[in-house]
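Trainee: Starting off with a structure, shown below.
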Amino acid sequence: MTVTAVRQPAVAGLFYPADAQSLRAQLAPLLHQPSLTATPKALIVPHAGYVYSAAVAAAAYRCIERLRGDISRVVLLGPSHHVGFHGIAVPTATAFLTPLGQLNVDQSALTDIAALPGVVTLDAAHVQEHCLEVQLPFLQMTLGTVGIVPLVVGDASPAEVGGVLDRLWGGEETLIVISSDLSHYHPDRIACAMDEQTSQAIERLDYAAIGPADACGCRAIAGLLWLARHRKLRAQTLSLTNSGHTGGPRERVVGYGAYVFHES
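According to UniProt numbering, the stretch in the sequence shown is residues 1 to 264, in order.
Shown next, in the form of structure tokens:
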């Protein structure tokens, strides 16, 4: 495996358009709609192909569009789909590339968390991982050029993930984005019931109630909810659906939800 300073797109042309013009044309109508006026501190958004989940993700991302120029750093966390490991993986790449351009990795942030429990340097967790990559065009469309802190979460405890988030919490300049789909491959009726329970647990900040069967990014979600309790955040569900309602068959669906967290 060859690691370069700039992490190249792995799923452009598969999960989302590889052409910048087509990519902008797909996202712009979804983002330019009315949204909440409160300022979010954190988002949970799905990471499937845009044809299935972009509209759900946009329900959260359009809440931050008016904060362009105010948010300068985004901490991105999502699950590992290709590599099994313990901890929270940081890359050696100094930038991530998309069809819309390049986003630089906040090196000072990586230095700040390097000695925290669970943090490991592991490029293999990033090279083919789509869960963070599909969020980058949304960030570029809404916030422009921001620094990113890309973290792939393996087998990590809520306290380990929450500890990293707490160290990187910052102020109004920092946004946290958790990338996660919900239940996988159940019939529509069962998935809707499961995902509704997961949404209620997220709104209760009940990090112990969400496991791998409920959300592929359950460990990243748990870390955010663990910290959200300590920092007294409020969670709100903005959109909840599944692939059976966005173009896929209803016999075997993947759930998608969009959530915002506000500081009290």
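Glycine included, every Cβ here is placed at the ideal spot set by N, Cα and C.
#1: Go ahead and pull the three-state DSSP assignment for I64.
#2: In angstroms with no decimal places, state the Cα-to-Cα distance between A79 and V6.
#3: Taking only runs that begin and end inside the region 41–94, name each unbroken alpha helix (DSSP H) of 4 or more residues, in chain order.
#4: Is L100 a contact residue of the ligand MN, with contact defined as CB to any heavy atom under 7 Å?
#5: So the candidates are P40, V90, H32, D112; which of them puts its Cα closest to the Cα of D166?
#6: Does DSSP put V134 in a helix, in a strand, or in coil?
#7: Taking a contact to mean a Cβ-Cβ separation below 8 Å, would you say V161 touches R231 in this structure?
#8: Going by DSSP in three states, V164 sits in which element: helix, strand or coil?
#9: Measure the Cβ-Cβ separation of L136 and T174 and say whether it is below 8 Å.
#10: Going by other Cβ atoms of all chains shown within 10 Å of its Cβ, with 16 needed for buried, is T145 buried or exposed?
#11: If I follow the unbroken beta strand (DSSP E) through R234, where does it start and stop?
#12: Closest to W169 by CA distance: which of K41, Q107, R62 is it?
#13: Determine whether the beta carbon atoms of P187 and R250 lie at a separation below 8 Å.
#14: Alpha carbon to alpha carbon, what distance is there between V260 and G223?
#15: Please state whether the Cβ-Cβ distance between D181 and V254 is less than 8 Å.
#16: For the alpha helix (DSSP H) holding H184, just list the boundary residues, first then last.
#17: To which residues of the same chain is A59 closer than 6 Å at the C-beta, ignoring the five residues directly before and after it?
#18: Between which two residues does the beta strand (DSSP E) harbouring G255 extend?
#19: Inspect the CB distances between the region 44–52 and the region 14–29 and report whether three or more fall short of 8 Å.
#20: Any idea which residues DSSP pairs Q102 with across the strands?
#21: Can you find at least 3 beta carbon pairs, one from the region 115–129 and one from the region 187–204, that sit closer than 8 Å?
#22: If you check the beta carbons only, do V75 and V149 fall under 8 Å apart?
#23: Report the rounded CA-to-CA distance for R73 versus G154, giving the unit in angstroms.
#24: Would DSSP call residue 273 helix, strand or coil?
#25: Suppose contacts are defined by Cβ-Cβ distances below 8 Å. Is L23 in contact with T142 by that definition?
#26: If you run the structure through DSSP and keep just helix, strand and coil, what is residue 285?
#27: Whose CA, out of E129, R66, Q102, lies closest to the CA of V90?
Mentor: On the basis of the coordinates in this document:
#1: In the structure shown, I64 sits in coil (DSSP, three-state: anything other than H, G, I, E or B).
#2: As written in the sequence, residue 79 is Pro, which differs from the Ala given in the question. Straight-line Cα distance between these residues: approximately 21 Å.
#3: List check, alpha helix (DSSP H) in window: 50–61.
#4: The ligand MN is absent from the structure shown, which contains no ligands of any kind.
#5: Measuring from the Cα of D166, the nearest candidate turns out to be D112.
#6: Reduced to three states, the DSSP call for V134 is coil.
#7: Contact flag unset, no.
#8: DSSP places V164 within a helical segment (H, G or I) once states are collapsed to three.
#9: Contact: no.
#10: Classification of T145: exposed, given that the 10 Å Cβ count is below 16.
#11: That run of the beta strand (DSSP E) goes 233–242.
#12: Looking at the Cα atoms, K41 is the closest of the given residues.
#13: It is a contact, given that the beta carbons lie within the stated cut-off.
#14: Rounded to the nearest angstrom, the two C-alpha atoms are 15 Å apart.
#15: Yes, these two residues count as a Cβ contact at 8 Å.
#16: DSSP places H184 in no alpha helix (DSSP H) but in the uninterrupted beta strand (DSSP E) bounded by 184–186.
#17: Hits under 6 Å: L238, S239, A258.
#18: Start and end: 253–263.
#19: Verdict: yes, contact present.
#20: Looking at the DSSP assignment, Q102 forms a beta bridge with L97.
#21: Segments in contact, no.
#22: Taking 8 Å as the Cβ cut-off, V75 and V149 qualify as a contacting pair.
#23: Cα to Cα, the separation comes out at about 23 Å.
#24: No answer is possible for residue 273: the residues shown for the chain start at 1 and end at 264.
#25: With respect to the 8 Å criterion, L23 and T142 are not classified as neighbours on the basis of their beta carbons.
#26: Since the displayed the chain opens at 1 and closes at 264, residue 285 lies outside it and no answer follows.
#27: Selected option, being the one with the closest Cα: E129.
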